[in-house]
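Participant:
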Amino acid sequence: MSDNLKPRFVDALRRNNDQIREDRANAIAEDSELIYRRRIEDIELKIKRLEREQESSIDISPLDKNSLTFADFNPDTFVQKDIELSLTIRNLKIQFEIAKTRYEYLFGKTF
367 MSDNLKPRFV
377 DALRRNNDQI
387 REDRANAIAE
397 DSELIYRRRI
407 EDIELKIKRL
417 EREQESSIDI
427 SPLDKNSLTF
437 ADFNPDTFVQ
447 KDIELSLTIR
457 NLKIQFEIAK
467 TRYEYLFGKT
477 F
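Encoded structure:
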(Lines of atoms letter the chains of each structure in order from A and count residues from 1; the text may use other names and numbers.)
(Lines give C-alpha, C1' and ligand atoms only; values in the text may rest on other atoms or scores of the structure.)
Protein backbone atom coordinates (compact mmCIF):
# COMPACT_ATOMS: atom_id res chain seq x y z
CA MET A 1 0.00 0.00 0.00
CA SER A 2 1.31 3.43 -0.91
CA ASP A 3 2.40 5.81 1.87
CA ASN A 4 0.17 8.64 0.66
CA LEU A 5 -3.00 6.50 0.78
CA LYS A 6 -4.73 6.21 4.13
CA PRO A 7 -6.43 2.95 5.10
CA ARG A 8 -9.94 4.34 5.64
CA PHE A 9 -11.36 1.01 6.81
CA VAL A 10 -8.67 0.55 9.47
CA ASP A 11 -9.05 4.16 10.59
CA ALA A 12 -12.81 3.65 10.90
CA LEU A 13 -12.27 0.60 13.09
CA ARG A 14 -9.92 2.52 15.36
CA ARG A 15 -12.28 5.43 16.00
CA ASN A 16 -13.41 5.83 19.57
CA ASN A 17 -16.99 6.14 20.80
CA ASP A 18 -16.84 9.94 20.97
CA GLN A 19 -15.81 10.18 17.31
CA ILE A 20 -18.51 7.72 16.25
CA ARG A 21 -21.17 9.55 18.24
CA GLU A 22 -20.06 12.90 16.83
CA ASP A 23 -20.29 11.63 13.24
CA ARG A 24 -23.71 10.09 13.83
CA ALA A 25 -24.98 13.20 15.59
CA ASN A 26 -23.81 15.40 12.72
CA ALA A 27 -25.47 13.17 10.12
CA ILE A 28 -28.77 13.05 12.02
CA ALA A 29 -28.77 16.80 12.67
CA GLU A 30 -27.97 17.63 9.05
CA ASP A 31 -30.73 15.40 7.69
CA SER A 32 -33.24 16.69 10.22
CA GLU A 33 -32.40 20.31 9.51
CA LEU A 34 -32.78 19.87 5.75
CA ILE A 35 -36.12 18.11 6.12
CA TYR A 36 -37.36 20.69 8.62
CA ARG A 37 -36.35 23.55 6.30
CA ARG A 38 -38.11 21.89 3.36
CA ARG A 39 -41.31 21.43 5.34
CA ILE A 40 -41.30 25.10 6.30
CA GLU A 41 -40.72 26.08 2.67
CA ASP A 42 -43.56 23.76 1.58
CA ILE A 43 -45.93 25.42 4.04
CA GLU A 44 -44.85 28.84 2.80
CA LEU A 45 -45.48 27.80 -0.81
CA LYS A 46 -48.94 26.45 0.04
CA ILE A 47 -49.82 29.75 1.69
CA LYS A 48 -48.76 31.74 -1.37
CA ARG A 49 -50.65 29.50 -3.76
CA LEU A 50 -53.83 29.59 -1.68
CA GLU A 51 -53.62 33.37 -1.35
CA ARG A 52 -53.31 33.63 -5.14
CA GLU A 53 -56.26 31.28 -5.58
CA GLN A 54 -58.33 33.31 -3.13
CA GLU A 55 -57.41 36.54 -4.87
CA SER A 56 -58.25 35.15 -8.31
CA SER A 57 -61.62 33.91 -7.08
CA ILE A 58 -62.83 37.49 -6.72
CA ASP A 59 -62.33 38.06 -10.44
CA ILE A 60 -65.85 37.71 -11.80
CA SER A 61 -65.19 39.48 -15.07
CA PRO A 62 -67.66 39.26 -17.92
CA LEU A 63 -67.23 36.38 -20.30
CA ASP A 64 -65.69 38.71 -22.93
CA LYS A 65 -65.26 42.43 -23.50
CA ASN A 66 -68.59 42.78 -25.35
CA SER A 67 -70.64 40.77 -22.88
CA LEU A 68 -72.56 42.17 -19.97
CA THR A 69 -73.08 38.70 -18.52
CA PHE A 70 -70.72 37.65 -15.80
CA ALA A 71 -69.09 34.27 -15.78
CA ASP A 72 -71.10 31.64 -13.96
CA PHE A 73 -71.09 33.09 -10.48
CA ASN A 74 -72.73 31.40 -7.54
CA PRO A 75 -72.61 33.59 -4.41
CA ASP A 76 -73.12 30.67 -2.03
CA THR A 77 -70.26 28.72 -3.56
CA PHE A 78 -68.06 31.81 -3.57
CA VAL A 79 -68.69 32.54 0.11
CA GLN A 80 -68.15 28.93 1.18
CA LYS A 81 -64.92 28.61 -0.82
CA ASP A 82 -63.60 31.98 0.41
CA ILE A 83 -64.21 31.07 4.05
CA GLU A 84 -62.57 27.66 3.56
CA LEU A 85 -59.54 29.24 1.90
CA SER A 86 -59.30 31.86 4.66
CA LEU A 87 -59.34 29.21 7.37
CA THR A 88 -56.82 27.03 5.56
CA ILE A 89 -54.49 30.00 5.03
CA ARG A 90 -54.85 30.98 8.69
CA ASN A 91 -54.02 27.45 9.86
CA LEU A 92 -51.04 27.25 7.52
CA LYS A 93 -49.74 30.60 8.77
CA ILE A 94 -49.94 29.30 12.34
CA GLN A 95 -48.11 26.12 11.31
CA PHE A 96 -45.52 28.22 9.50
CA GLU A 97 -44.83 30.42 12.53
CA ILE A 98 -44.63 27.47 14.91
CA ALA A 99 -42.39 25.47 12.58
CA LYS A 100 -40.14 28.48 11.97
CA THR A 101 -39.81 29.17 15.71
CA ARG A 102 -39.05 25.50 16.43
CA TYR A 103 -36.52 25.37 13.59
CA GLU A 104 -34.68 28.36 15.01
CA TYR A 105 -34.76 26.85 18.50
CA LEU A 106 -33.67 23.37 17.44
CA PHE A 107 -30.95 24.32 14.99
CA GLY A 108 -29.83 27.72 16.27
CA LYS A 109 -30.31 29.34 12.86
CA THR A 110 -32.75 31.97 11.66
CA PHE A 111 -35.09 30.95 8.89
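FYI, in my numbering the residues of the sequence shown are 367 to 477. We treat Cβ as the ideally placed atom computed from N, Cα and C, and that holds for glycine.
(1) If I follow the unbroken alpha helix (DSSP H) through F477, where does it start and stop?
(2) Could you tell me which whole beta strand (DSSP E) segments of length 3 or greater appear in the stretch 370-413?
(3) Using the rule of at least 16 other Cβ atoms within 10 Å of the residue's Cβ for burial, across every protein chain shown, is L411 buried or exposed?
(4) Tell me which same chain residues have a C-beta within less than 7 Å of the C-beta of I406, skipping the five on either side of it?
(5) Would you tell me roughly how many angstroms separate the C-alpha atoms of K372 and A378, rounded to the nearest one?
(6) Leaving out five residues on either side along the sequence, give the residues of the same chain with a beta carbon under 8 Å from the beta carbon of S423.
(7) Determine the contact status of E417 and I455, defining contact as a CB-CB distance below 8 Å.
(8) From what residue to what residue does the alpha helix (DSSP H) around N440 run?
(9) For R390, which residues of its own chain have a beta-carbon under 8 Å away from its beta-carbon, when the five flanking residues on both sides are left out?
Facilitator: On the basis of the supplied data:
(1) Against the sequence shown, residue 477 aligns to sequence position 111. Element bounds for F477: n/a, residue is neither H nor E.
(2) none
(3) Along the sequence shown, read from residue 1 onward, the residue named residue 411 stands at position 45. Label assigned to L411: exposed.
(4) Position 40 of the sequence shown, counted from the first residue, corresponds to residue 406. So the list reads F462, A465, K466, Y469 and F477, once near-sequence residues are dropped.
(5) To locate residue 372, count along the sequence shown from 1; it is residue 6. To locate residue 378, count along the sequence shown from 1; it is residue 12. A378 has its alpha-carbon roughly 11 Å from the corresponding atom of K372.
(6) Position 57 of the sequence shown, counting from 1, holds the residue named residue 423. F444, K447, D448 and L451, listed in sequence order.
(7) Within the sequence shown, the letter at position 51 stands for residue 417. Within the sequence shown, the letter at position 89 stands for residue 455. It is a contact, given that the beta carbons lie within the stated cut-off.
(8) Mapped onto the sequence shown, residue 440 falls at position 74. For N440, there is no enclosing alpha helix (DSSP H), as DSSP marks it with neither H nor E.
(9) What you label residue 390 is simply residue 24 of the sequence shown in a count that begins at 1. No residues qualify anywhere along the chain.
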